[in-house]
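One structure is given here, and the rest of the page talks about it.
This is how it looks when you write it as structure tokens:
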């Protein structure tokens, strides 16, 4: 039987558990209160609460009056019990039997035990086990009271576990929001900002705490009206009608007076439950690189169309003229026309080859065929071949006598020198074009200089970019903007570097270095 005064206090015990059920959501504190009440209620000497986790393993989160060695032994002992449904047909009987056996063994027969099962939805989620020195002779009323106590304790434990799981889920979601690269804004149904992540604060150049509670239109300000409907316009038109009605808006955001507008794409996703709009999740993505890619694509199409159209028009014009049946051309005119056709065909061939090289770079780099290369001799032969293309320039080579033989791809180096000389011929009206070399302990340096107007300081950071041509160059000379881009790729594939020498005085001077080592260069980087 329970203690005589227990019947007087039974209401207090149940009220205590009810209070814990409604007030205490910290699982560890709640278990401690339940165990203390259980020990007092059953006049026990010691006790423990064992819980089963979602994987079916047992743990002992709270105990009183028991040695740690006993607790370490208990959890694996309980793990041997297989789950069964309904629990009171087998599982609880087995748990009860084993814990009583443990109590007698641990106390050498001096202590008995009482098991109060924590059962929720026909599943044993845990047990309260109280060690005491007298047998458990309970009346029907006592058993009903203990069952009521255990049921309320089970509900309280389950609520605390759900709260703990909810807290952990919230922490994971917060960590996810804080670490994601895209900006996230969580909006209330009235379009006020409830939450933002650090990425959104960086994109918008706005402190997180100052965005809290602000209207969406006050933070998302467009430099000019976007092509698509804004969020406010869409909501005014009845958006969203369904949970899958995502809205995408693209445009330039105003961030502050000191920063340029930022191109962004914003996806709005409604969060709807039972037909009620709870939140709108806005995902902000910086689309600067996409804009640049589109501009690059447009530039490519424009340049290539222009570069292809001119030689094709010349070839077609001269061929049509030579084929006229009503005219007889002397040999000099025919040879001159054929020379122009050949020159334009070579120009087309060079353009196509450069485009193919650019594609190879995009696909994974340039393949090099390495051999010993005498750079002074290669420079001299390239200069002689390029001299035929101009009568306004004198192309010279200047290399020291001890210039070493290097390991390189001769054809690719010839392409580098030809591109640099061709640029000098294009942009220097006349004068001397000099190919010079220097020897350093680990590298050799080759420079190509001219006596033209030089490279504008604003253009220097971009001259090696794909398809880049300065506004002045686009007006005065032909080209696709691939020569220096490919030149840089070839030099870097050899393990070297290329740069514009800004200290050369008058004219343009472009230099590149190549390693002297005979070891095979590292694989070229993908550009």
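In our numbering, the protein residues as written are -7 to 519. Note that beta-carbon positions come from the ideal geometry of N, C-alpha and C, so glycine has one too. Values in this document were obtained by computation on a predicted structure and should not be read as measured data.
Host alpha helix (DSSP H) of residue i (start-end)
i: residue 39; result: Where residue 39 is concerned, there is no enclosing alpha helix (DSSP H), although the beta strand (DSSP E) it sits in stretches over 38 to 44.
i: residue 179; result: Careful: residue 179 lies outside any alpha helix (DSSP H), inside the beta strand (DSSP E) at 175 to 179.
i: residue 191; result: 190 to 196
i: residue 67; result: 60 to 71
i: residue 269; result: Careful: residue 269 lies outside any alpha helix (DSSP H), inside the beta strand (DSSP E) at 268 to 278.
i: residue 30; result: 19 to 33
i: residue 223; result: 223 to 228
Cutoff 6 Å; reference residue i; Cβ partners in own chain excluding five residues on either side
i: residue 214; result: 243
i: residue 91; result: 105, 107, 121
i: residue 364; result: 397
i: residue 306; result: 336
i: residue 467; result: The predicted model places residue 467 with a pLDDT of 46, which falls under 50 and marks its position as unreliable, so this point remains unresolved.
i: residue 261; result: 238, 273
i: residue 490; result: 480, 483, 504
i: residue 255; result: 244, 279, 280, 283
i: residue 372; result: 389
Whole-angstrom C-beta distance between residue j and residue i, which should lie under 8 Å
i: residue 175; j: residue 276; result: 3 Å
i: residue 58; j: residue 38; result: 5 Å
i: residue 142; j: residue 110; result: 6 Å
i: residue 367; j: residue 279; result: The pair is not a contact, with the Cβ atoms about 45 Å apart (cut-off 8 Å).
i: residue 228; j: residue 239; result: Wrong, their Cβ atoms sit about 12 Å apart, outside the cutoff.
i: residue 112; j: residue 148; result: Not a contact, Cβ separation roughly 10 Å.
i: residue 402; j: residue 370; result: 6 Å
i: residue 400; j: residue 506; result: 6 Å
i: residue 452; j: residue 483; result: Not really, about 17 Å apart at Cβ, beyond 8 Å.
i: residue 247; j: residue 196; result: 6 Å
i: residue 333; j: residue 310; result: 5 Å
Close-in-space but distant-in-sequence residues of the same chain around residue i (CB under 8 Å, 5 per side omitted)
i: residue 422; result: 384, 385, 443
i: residue 166; result: none
i: residue 216; result: 243, 244
i: residue 539; result: This structure cannot settle anything about residue 539, because the visible part of the chain is limited to -7 through 519.
i: residue 124; result: 34, 35, 36, 37, 103, 104, 105, 106
First through last residue of the beta strand (DSSP E) which encompasses residue i
i: residue 264; result: 254 to 265
i: residue 121; result: 115 to 124
i: residue 202; result: Counting along the chain, residue 202 falls outside any beta strand (DSSP E), though it belongs to the alpha helix (DSSP H) covering 200 to 203.
i: residue 440; result: 435 to 441
i: residue 410; result: Per DSSP, residue 410 belongs to no beta strand (DSSP E); it is in the alpha helix (DSSP H), 402 to 419.
i: residue 498; result: Per DSSP, residue 498 belongs to no beta strand (DSSP E) and is neither H nor E.
i: residue 489; result: 489 to 492
i: residue 208; result: Where residue 208 is concerned, there is no enclosing beta strand (DSSP E), although the alpha helix (DSSP H) it sits in stretches over 208 to 211.
i: residue 172; result: Unbroken run through residue 172: none, as it is neither H nor E.
i: residue 455; result: Neither: residue 455 is in no beta strand (DSSP E) and is coded neither H nor E.
i: residue 51; result: 50 to 56
Residue(s) in a DSSP beta bridge with residue i
i: residue 390; result: 428
i: residue 242; result: 257
i: residue 104; result: 124
i: residue 483; result: Its beta-bridge partners do not exist; DSSP assigns none.
i: residue 110; result: 118
i: residue 399; result: 364
i: residue 423; result: 385
i: residue 185; result: 179
i: residue 158; result: BP columns for residue 158 are empty, so no partner.
i: residue 214; result: 245
i: residue 507; result: 435
i: residue 306; result: BP columns for residue 306 are empty, so no partner.
i: residue 94; result: Beta-bridge pairing links residue 94 to no other residue.
i: residue 251; result: 248
Residue i CB to nearest heavy atom of the ligand COA below 8 Å
i: residue 235; result: You won't find the ligand COA in this model; it holds no ligand whatsoever.
Close-in-space but distant-in-sequence residues of the same chain around residue i (CB under 7 Å, 5 per side omitted)
i: residue 30; result: 39, 108, 120, 122
i: residue 499; result: 420, 441, 442, 443, 444, 446
i: residue 44; result: 50, 116, 117, 118
i: residue 155; result: 17
i: residue 501; result: 439, 441, 493
i: residue 320; result: none
Checklist entry - So does the region 388 to 397 actually touch the region 426 to 438, counting three or more Cβ pairs closer than 8 Å? => result yes
Checklist entry - At a cut of 8 Å, does the region 208 to 228 reach the region 175 to 186 through at least three beta carbon pairs? => result yes
Checklist entry - Counting Cβ pairs closer than 8 Å, one from the region 398 to 407 and one from the region 472 to 488, do we hit at least three? => result yes
Next on the checklist: When you compare the region 164 to 175 with the region 184 to 199, are there three or more beta-carbon pairs, one atom per stretch, that lie closer than 8 Å?
Outcome noted: yes
Item to check | Meets three-Cβ-pair contact criterion under 8 Å: the region 261 to 281 and the region 215 to 222 | outcome: no
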